[in-house]
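Next comes the structure, spelled out in structure tokens:
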């Protein structure tokens, strides 16, 4: 696959999207209990993977994926495939010049929106196709996605956003003001980002399936690697959680933050009670204490567990729910995810909402390619939206990066800003073919 | 297909579910603009249809469907098919004796729930399979679903409900108290229901694509047919809405209620402004003014448009969102839908929540088979939960009933209580084969 970073070639004006390939790719992560938590005991990290192919002589393709945990990845892939007629046959230049319009046409399709609206399998499918279009557009521009976004004018960025259902909290005019206010410092922050990277924290030590020894060893390694925070999965057994948190606190000392993550395990009352038991170990935040749909529940839990922060987002379906989490003062931190909502466009909306409410964004990552993808959104936010990394970190999990053409690089607790053009999701052709489900060699074995 | 209503035969103890058929069935309703509204201009009402087959000598099958508006019905059908291995091979008696457990196993599956959780395509797929199991169970019992449900003890009913994420608003103990309080009057209300039916209102006159003449004629017919309320679609053009509402008010007089339905067209501010223009015609309720996810938005609109009632539900993804709509006093009426949430079990939860908060339930219906299915839930509610029809009506749309084995019967503005065993979704074999997409004769033409 070509890695040319030259700008749009002269042939681009008539080039079209000729095909959309969809692949069901799964990694047998359940064999080692990587990724095990209170709600996801045996995940096989998987990608419903999409490739937009064109007849442009520049040879660029658009790659993206929806992340799932195994069973049902076929359903997700099938939903993506159902969108092929919306993109195949489109002129590449038209697609890349109006990604806002493209995104809105998919999201507002009256028949497809009946299947959500704007949530679940069909919305994630739209997100994958939209992200593939952004990957293609930024490759054509010869820029990594974060830089491609941060090169757009405030007006161009506002045009990417679907403000439907947002205007009681964020108007296009307010969005423009936020982006204009961040304009003067873009160049300086871009240079600093390229030099210093973006802060990261790590979840690698904290999976429920790991032994005590492994927890302690990986926690110490995380400190040695320069991470300012580690995260532990909790929620299966409170006595176990107390014990593991004590071990982790002993391993990392008082100066490194420890976040805990319940993966939606609790109701409101039990969340508060459980967190009281963990309070002696000063957890920095409790992540996903309850249903991601429960705005009022998160607000109640936040009042009940302060000063521990309450955070959620990896399963929040769309910008409308994020809007309410902010309006209800239900979260201290917003966790965006690159592959849950309707793609880059909706994540721009969510970054703008967070900036409007002054709430920091710490993305969810891990899975398959989520680190590679979401880093671009945080880096764009730093350069062109919030303008800061204060209280902000991107999650880092050290799994499956070897399958990516441009794997994330984390150095001294920071994501190194990627310079390879595109959105980060492109996998090696061999990784894709090896892990095809159910007929690839990894699964036939 | 057999219509025997004898109780479980002796062979049932070893009978198993032998197959699950899934059909993509579509009706070309867009040709006449039946069902056209501000967000759904050209729907082809469709069903992702499921049949559970067994080797039980009683010959019963479980039928149910997920309703869609055309494109994407294949995605919905594919998601249902992905659940086959959860039900095929199950003993029929085990399935029918523990529908609560069956429902929870599907909803809580960690890998499938990643695709929601509890929303969109995968949740509707679970709802369809769960409803098919209830259809089978009530046929085996020889009872229409409403009566099958209303014959269960309060304890049995509480066992159907997944209380996860509900206990801050409704505990199992409170649910039991609601059901026990309604027990004494069950027999009397059942008799009254069989005699008088359940109140209905009609949307037949009010589709956006209809001419003025058709609107006026159908509105007058609705009054003559005994309906206490009609409903008009609004939201495409405010001047048109004013004009059409004036025509409708002229046709029905002052004593018949007129509800209006925006199908999620507006943001919060525009919803309030638009409804001020319609206020002179005394709309009874505004339905779906904005995103079904926007609990706080509905609450703000309700404060802004009182005394006009605010209602929603046909696109509300699950019991957690309904819980919040009630907690936030965001709706005056709860609109359940038989085929949107996780099936009968989750709708029992929603009926109990509404009863706890003292808010009436007026189901969404229409589409394909939604009237046939949802009437059972309201009738069960009357007999065994809320115990009343005060301020309650089931929507009626006079489309596509001829395709059902037991079509709804509406007489003098009331649904006649069905006496045919099952949940109501079973279609004629010929209707299914004629409308198969894309190869049935209706679509080949």
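Protein chains in written order, with UniProt numbering: chain S, 1 to 445; chain Z, 1 to 445.
Note that CB positions come from ideal geometry on N, CA and C, so glycine has one too.
Predicted, not measured: the structure shown is a model, and the values here were computed from it.
Please name the residue in S:92, S:328 and S:131 whose C-alpha comes closest to that of residue 343 (chain S).
With distances taken between Cα atoms, residue 343 (chain S) lies closest to S:131.
Under the DSSP definition of a beta bridge, which residues are partnered with residue 261 (chain Z)?
Looking at the DSSP output, residue 261 (chain Z) sits in a beta bridge with Z:233 and Z:287.
Taking the C-alpha atoms as reference points, what is the distance between residue 159 (chain Z) and residue 325 (chain Z)?
Residue 159 (chain Z) and residue 325 (chain Z) have their alpha carbons spaced roughly 24 Å apart.
Measure how close the beta-carbons of residue 349 (chain S) and residue 98 (chain S) come, nearest whole angstrom, since I'm counting them as under 8 Å.
Going by Cβ atoms, the distance from residue 349 (chain S) to residue 98 (chain S) rounds to 17 Å, so no, they are not a contact pair.
Per DSSP, the bridge partner or partners of residue 55 (chain S):
Partner(s): none; residue 55 (chain S) has no beta bridge.
Please go through the region 336 to 397 of chain S and give each complete alpha helix (DSSP H) segment of 4 or more residues, from N-terminal end onward.
Qualifying alpha helix (DSSP H) stretches, in chain order: 344 to 357 and 370 to 380.
If the cut is a Cβ gap below 8 Å, which residues of chain Z does residue 168 (chain S) touch?
267, 268, 269, 297 and 300, listed in chain order.
Which bits of chain S does residue 116 (chain Z) rub up against, with CB to CB less than 7 Å?
Taking a Cβ-Cβ cut-off of 7 Å, the neighbours of residue 116 (chain Z) in chain S comprise 120, given in sequence order.
Taking the straight line between their C-alpha atoms, what separation do you get for residue 48 (chain Z) and residue 400 (chain Z)?
Straight-line measurement puts the Cα of residue 400 (chain Z) at about 15 Å from the Cα of residue 48 (chain Z).
Residue range of the alpha helix (DSSP H) that includes residue 275 (chain Z)
Run containing residue 275 (chain Z): 268 to 278, per the alpha helix (DSSP H) assignment.
Is there contact here, the region 420 to 430 of chain Z with the region 126 to 143 of chain Z, by at least three beta-carbon pairs under 8 Å?
The region 420 to 430 of chain Z is in contact with the region 126 to 143 of chain Z.
Please report the distance separating the alpha-carbon of residue 46 (chain Z) from that of residue 151 (chain Z).
So the alpha carbons of these two residues sit roughly 32 Å apart.
Relative to the alpha-carbon of residue 283 (chain Z), which residue among Z:72, Z:230, Z:296 and Z:430 has its alpha-carbon at the smallest distance?
For residue 283 (chain Z), the nearest C-alpha among the options comes from Z:230.
Count the other CB atoms within 10 Å of the CB of residue 395 (chain Z); is the residue buried (16 or more) or exposed (fewer)?
Result: buried.
Extent of the continuous alpha helix (DSSP H) run through residue 241 (chain S)
Note, residue 241 (chain S): alpha helix (DSSP H), 238 to 252.
Whole runs of the alpha helix (DSSP H) within the region 149 to 179 of chain Z, excluding any shorter than 4 residues
Runs found: 154 to 158.
On the three-pair Cβ rule with 8 Å, is the region 276 to 294 of chain Z touching the region 254 to 261 of chain Z?
Because the criterion of three Cβ pairs below 8 Å is met, the region 276 to 294 of chain Z and the region 254 to 261 of chain Z touch.
So with Cβ pairs under 8 Å, would you call residue 78 (chain S) a contact of chain B?
No chain B is present in this structure, whose protein chains are S and Z.
Compare the C-beta of residue 68 (chain Z) against all C-beta atoms of chain S and say whether one is closer than 8 Å.
Yes, residue 68 (chain Z) lies at the interface with chain S (some Cβ there is under 8 Å from its Cβ).
With 16 other Cβ atoms within 10 Å as the buried cut-off, status of residue 110 (chain Z)
Its Cβ being crowded by 16 or more others within 10 Å, residue 110 (chain Z) is buried.
With a cut-off of 8 Å, does the C-beta of residue 335 (chain Z) fall near any C-beta of chain S?
Not one chain S Cβ lies under 8 Å of residue 335 (chain Z).
Once the 5 residues before and after residue 321 (chain Z) are set aside, which same chain residues still bring their CB inside 8 Å of it?
Result list for residue 321 (chain Z): 292, 293 and 295, in chain order.
Taking all protein chains shown into account, decide if residue 13 (chain Z) is buried (16 or more other Cβ within 10 angstroms of its Cβ) or exposed.
Exposed, by the Cβ-count rule.
Below 8 Å, how does it come out for the region 89 to 106 of chain S and the region 369 to 384 of chain S: are there three or more Cβ pairs, yes or no?
When C-beta atoms of the region 89 to 106 of chain S are compared with those of the region 369 to 384 of chain S, fewer than three pairs fall below 8 Å, so the two segments do not count as touching.
Nearest-angstrom Cα distance between residue 378 (chain S) and residue 69 (chain S)?
Between the alpha carbons of residue 378 (chain S) and residue 69 (chain S) lies a gap of roughly 24 Å.
Can you say whether residue 382 (chain S) is buried or exposed, counting buried as having 16 or more other CB atoms within 10 angstroms of its CB?
Residue 382 (chain S) comes out buried.
From which residue to which residue does the alpha helix (DSSP H) around residue 115 (chain Z) run?
Residue 115 (chain Z) -> no alpha helix (DSSP H), and no H or E assigned at all.
Using only the alpha-carbon positions, how far apart do residue 239 (chain S) and residue 245 (chain S) sit?
So the alpha carbons of these two residues sit roughly 10 Å apart.
The region 182 to 200 of chain Z / the region 294 to 314 of chain S touching (three or more Cβ pairs under 8 Å):
Taking 8 Å as the limit for Cβ pairs, the verdict is that the region 294 to 314 of chain S does not touch the region 182 to 200 of chain Z.
Residue nearest to residue 112 (chain Z) in terms of C-alpha spacing, selected from Z:93, Z:86 and Z:95
Among Z:93, Z:86 and Z:95, the Cα nearest to that of residue 112 (chain Z) is on Z:86.
Taking buried to mean at least 16 other C-beta atoms within 10 Å of its own C-beta, is residue 354 (chain Z) buried or exposed?
Looking at its Cβ environment, which holds 16 or more other Cβ atoms inside 10 Å, residue 354 (chain Z) is buried.
Just tell me which of Z:42, Z:183 and Z:114 has its CA closest to the CA of residue 385 (chain Z).
Checked all of Z:42, Z:183 and Z:114; the closest Cα to residue 385 (chain Z) is Z:183.
Less than 8 Å separating the beta-carbons of residue 61 (chain Z) and residue 75 (chain Z)?
Cβ atoms of residue 61 (chain Z) and residue 75 (chain Z): not closer than 8 Å.
In the structure shown, what three-state DSSP assignment does residue 16 (chain Z) receive?
Shown here, residue 16 (chain Z) sits in a strand according to DSSP, grouped into three states.
Report the rounded CA-to-CA distance for residue 219 (chain S) versus residue 335 (chain S), giving the unit in angstroms.
Roughly 23 Å between the two C-alpha positions.
For a cutoff of 8 Å on Cβ pairs, would you count residue 165 (chain S) as touching chain Z?
It does; some Cβ of chain Z falls within 8 Å.
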